[in-house]
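With UniProt numbering as the guide, the letters of the sequence shown map in order to residues 1 to 177.
Right, one structure below, let's go through it.
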Amino acid sequence: MFHLQEIRRQPDGLSFDQKLDLLKSLQERNPEILDLQHLRAVGKVTYEKGLYFLDYQLSYEITLASSRSLEPVVLEENRLITEVFGDSEEASALSNEEALYLLPIEGEGISLEDSVADNILLEIPLKVLTPEEETEASMPQGQSWQVLSEEDYLQQQAEAKKENSPFASLQDLFTED
Numbered sequence: 001m002f003h004l005q006e007i008r009r010q011p012d013g014l015s016f017d018q019k020l021d022l023l024k025s026l027q028e029r030n031p032e033i034l035d036l037q038h039l040r041a042v043g044k045v046t047y048e049k050g051l052y053f054l055d056y057q058l059s060y061e062i063t064l065a066s067s068r069s070l071e072p073v074v075l076e077e078n079r080l081i082t083e084v085f086g087d088s089e090e091a092s093a094l095s096n097e098e099a100l101y102l103l104p105i106e107g108e109g110i111s112l113e114d115s116v117a118d119n120i121l122l123e124i125p126l127k128v129l130t131p132e133e134e135t136e137a138s139m140p141q142g143q144s145w146q147v148l149s150e151e152d153y154l155q156q157q158a159e160a161k162k163e164n165s166p167f168a169s170l171q172d173l174f175t176e177d
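So this is what it looks like as C-alpha cells:
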C-alpha cells in the first residue's frame, strides 16, 4: 500500500517493481482462474494538483479453462494501466466526464494489490480456446446435439423458416418442364 502522505512528499513520485502473489484472492473472486504465474507490476505513483496517478505495466500468465473442452489454456497478458484517484473535493472541481474516471480513495492509501486484482479480473476474456480449437473449423457434437456458430445457427433458422412456410409446397406448381 502506498500511503498518501508518503506520495505527496516525493515530488517525482514513488517508483515500484513488485512481484505479487494474488492467486488465492483472485480465485475467491473468480473460481474460473486455474493458475496465475509471473505476476509483476512496474510503475510509479505520483501526486499532482490534488490527484494521485497510478501508472504501471502489468504482466502475468493466467490459466483458464477452455470454453469448449475445459482444457487448461495459458494466456500471457501485458497491459499498461493508468488510474486516477481523488476524493469528493477533487471530483467536484473536475468536469462530469473527467469525474467518471476518478477512483475514490479508500482509507489512508492506495492499494497496488487491489488495483492489480481488479484489472486482472476485468481483462478475463469471455471466450477462451486452445490453439487447436482456434484453428479447428468443426465444433463439438454428440449423438443428438452439436454446437453451432452464430452464423450457422442463423442460416439454419432461415432455411427452416422457408421449409415451414405454407407457400413452400406451391413453389413447384408452376415450374415449366
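We put the CB at the ideal spot given by N, CA and C, even for glycine.
Let me confirm a value: residue i is counted as buried when at least 16 other C-beta atoms fall within 10 Å, else exposed. Which label applies?
i: A158; result: exposed
i: A160; result: exposed
i: V147; result: exposed
i: residue 185; result: In the structure as shown, the chain starts at 1 and stops at 177, and residue 185 therefore has no counterpart that could be examined.
i: G13; result: buried
Considering only C-alpha positions, which residue in the set the options is nearest to residue i?
i: G86; options: L80, M139, L102 and V74; result: L102
i: Q3; options: F16, G107, I120 and E134; result: Note that residue 3 is His in the sequence shown here, rather than Gln. Residue G107 is the option with its Cα nearest to H3.
i: L129; options: I81, L36, Q27 and E71; result: E71
i: Q18; options: E151, A41, N119 and G142; result: A41
i: E123; options: N78, I105 and E136; result: N78
i: S15; options: L154, V73, Y56 and I105; result: Y56
i: N119; options: Y60, Q10, M1 and D35; result: Y60
i: Y52; options: W145, Q10, S66 and Q143; result: Q10
What separation, rounded to the nearest whole angstrom, lies between the Cα atoms of residue i and residue j?
i: K162; j: M139; result: 25 Å
i: L112; j: E6; result: 15 Å
i: S25; j: L75; result: 19 Å
i: K44; j: I62; result: 24 Å
i: G109; j: G50; result: 14 Å
i: E32; j: Q156; result: 32 Å
i: P131; j: L39; result: 23 Å
i: Q143; j: M1; result: 55 Å
For residue i, I'd like the list of residues in its chain whose CB is within less than 6 Å of its CB, leaving aside the five on either flank, ordered along the chain.
i: Y47; result: I7 and R8
i: Q37; result: E61
i: residue 189; result: For residue 189 there is no data in the structure shown, the boundaries of the chain being 1 and 177.
i: I105; result: F85 and D87
Whose C-beta lies closer than 7 Å to the C-beta of residue i among residues of the same chain, with five residues either side of it excluded?
i: E83; result: L54, L103 and S115
i: L80; result: Q57
i: E133; result: S66, R68 and S69
By the DSSP assignment, the beta strand (DSSP E) with residue i in it spans what residues?
i: Q27; result: Counting along the chain, Q27 falls outside any beta strand (DSSP E), though it belongs to the alpha helix (DSSP H) covering L23 to R29.
i: R40; result: I33 to E48
i: I62; result: L51 to A65
Given residue i, which residues of its chain have a CB within under 8 Å of its CB, disregarding the five upstream and five downstream residues?
i: N30; result: L121 and I124
i: A117; result: L22, S25, L26 and R29
From what residue to what residue does the alpha helix (DSSP H) around residue i run?
i: I7; result: L4 to R9
i: I120; result: L112 to L122
i: T135; result: P131 to T135
Of all Cβ atoms in chain B, is any one closer than 7 Å to the Cβ of residue i?
i: P104; result: The structure shown contains no chain B, having only a single protein chain.
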